[in-house]
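Peer 1: Numbering of the sequence shown is given in full-length UniProt numbering, commencing with residue 1 and proceeding in unit increments.
Beta carbons are placed, not taken as given, at the ideal position from N, Cα and C, and that holds for glycine.
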Amino acid sequence: MDKLLPDELQYYIDTMRIRTARRRLRVVKTEKDKQLIQLDKRIRALWRQDRHPEYVPLEPPVKKGYKRFFILRDDVARGKQASFFQGILDKINTVQYFHRKDFKVKKRQKGKKVIVVKEQKLQTFYPDEFNKLKLTRDEKIFFEKRMVPTGWKTREVPRIVFTEPWRFVLQIRPHLLTHVRKANPELDSQIQELENYMDKYHLRPRMRWLTQSRHTSWNKKLFGPKEKYQYQKKPLPQLLQETYYNIE
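Structure, rendered in structure tokens:
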């Protein structure tokens, strides 16, 4: 090494591929990111396993509150199209569970707490979800596309809704538990161990940054792609009119 000329020494360094300090730090960071991705895959696999547990029958059944769902109205049930609307109801029905039979809750209105009945509506669908229902042509006549406001955003999103909800009424029945979830302490212990590990070393922000691309499609599904250059080559008075007065 001591007898090498400067050109030969530089050639020796280039051929040996000696890592610089910056490259060594980059390799360490890349390896940590790979470990975080593997950890994310592992915990997601455990979550999927936890969402599909085993159930064992419960004898005798235990009553736990009440459930409320939609049924056909009496005049519709006695009509000629009862089976037709029952088929639609089976696809858009919703069920609520509550500990009170009257389904009343406290709600604040104008600074006062009042008791009101919980609201329950038929199921609505996004356009792509509606296409998966495989409805017949006659059934699609009773659906239309509307802009519905979301609960956590001021923007409205397109939803497919049923146009004649008056054909159905709510019915309340006792909710009976016939099966109970089988405990899996080993799975719960593994999930809790990984959760504690991520909280202890503050790994969630970096893991969220590495896997954030999974959530972009959900935002596009709700609000669609953003419009490019929507304020290009427009004077300020025109922008104010379009924004506040809806004048184009």
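For the beta strand (DSSP E) containing residue 61, name the first residue and the last one.
Peer 2: 55–72 is the span of the beta strand (DSSP E), which, as asked, contains residue 61.
Peer 1: What would DSSP say about residue 235, mapped onto helix, strand or coil?
Peer 2: In the structure shown, residue 235 sits in coil (DSSP, three-state: anything other than H, G, I, E or B).
Peer 1: From the beta carbon of residue 175, is the nearest beta carbon of chain C less than 9 Å away?
Peer 2: Included in the structure is just one protein chain, with no chain C present.
Peer 1: Taking three-plus beta-carbon pairs below 8 Å as touching, is the stretch 79–90 in contact with the stretch 48–65?
Peer 2: Cβ pair count under 8 Å is below three, so no.
Peer 1: Cα separation between residue 45 and residue 186?
Peer 2: C-alpha separation (whole angstroms): 14 Å.
Peer 1: Checking 9 Å against the spacing of the C-beta atoms, do residue 177 and residue 68 come in under that value?
Peer 2: In this structure, residue 68 does not lie closer than 9 Å to residue 177 by Cβ.
Peer 1: On the three-state DSSP scale, how would you describe residue 155?
Peer 2: In this structure, residue 155 counts as coil in the three-state DSSP scheme.
Peer 1: Checking the sheet assignment: what are the DSSP bridge partners for residue 149?
Peer 2: Bridge partners of residue 149: 156.
Peer 1: Starting from the Cα of residue 205, find the closest Cα among 33, 18 and 12 and give me that residue.
Peer 2: Out of 33, 18 and 12, 33 has the C-alpha closest to the C-alpha of residue 205.
Peer 1: Measuring straight from C-alpha to C-alpha, what distance separates residue 48 and residue 188?
Peer 2: Going from the Cα of residue 48 to the Cα of residue 188 covers about 12 Å.
Peer 1: What first and last residue would you give for the alpha helix (DSSP H) that runs through residue 101?
Peer 2: Element bounds for residue 101: n/a, residue is neither H nor E.
Peer 1: Express the C-alpha separation of residue 38 and residue 194 in angstroms, rounding to a whole number.
Peer 2: If I take the Cα positions, the gap works out to 12 Å.
Peer 1: To the nearest whole angstrom, what separates the beta carbons of residue 125 and residue 159, a pair I think is in contact under 8 Å?
Peer 2: At roughly 7 Å, the Cβ-Cβ gap stays under 8 Å, so residue 125 and residue 159 are in contact.
Peer 1: Can you tell me which residues form a DSSP beta bridge with residue 117?
Peer 2: 104.
Peer 1: Please report the distance separating the alpha-carbon of residue 210 from that of residue 240.
Peer 2: Approximately 39 Å between the Cα atoms of the pair.
Peer 1: Indicate the three-state DSSP secondary structure (helix, strand or coil) for residue 141 in the structure shown.
Peer 2: Residue 141 falls in the coil class under three-state DSSP.
Peer 1: Would residue 25 be called buried (16 or more neighbouring beta carbons within 10 Å of its own) or exposed?
Peer 2: Classification for residue 25: exposed.
Peer 1: Rounded to the nearest angstrom, how far is the Cβ of residue 144 from that of residue 163, given a contact under 8 Å?
Peer 2: With 8 Å as the limit, residue 144 and residue 163 qualify as a contact, their Cβ atoms being about 5 Å apart.
Peer 1: I'd like to confirm the pairing. Which residues does DSSP put opposite residue 171 in its beta bridges?
Peer 2: Beta-bridge pairing links residue 171 to 69.
Peer 1: To the nearest angstrom, how far is it from the Cα of residue 172 to the Cα of residue 165?
Peer 2: Each residue's alpha carbon lies about 18 Å from the other.
Peer 1: Grab me the residues of residue 107's own chain with a C-beta within less than 8 Å of its C-beta, minus the 5 sequence neighbours each way, in chain order.
Peer 2: So the qualifying residues of the chain are 113, 114, 115 and 116.
Peer 1: Hey, residue 94 and residue 122 are a contact pair by Cβ (cut 8 Å); roughly how many whole angstroms apart?
Peer 2: About 6 Å; that satisfies the 8 Å criterion.
Peer 1: Taking all protein chains shown into account, decide if residue 72 is buried (16 or more other Cβ within 10 angstroms of its Cβ) or exposed.
Peer 2: The residue in question, residue 72, is buried, as its Cβ has 16 or more Cβ neighbours within 10 Å.
Peer 1: Taking the straight line between their C-alpha atoms, what separation do you get for residue 181 and residue 36?
Peer 2: If I take the Cα positions, the gap works out to 31 Å.
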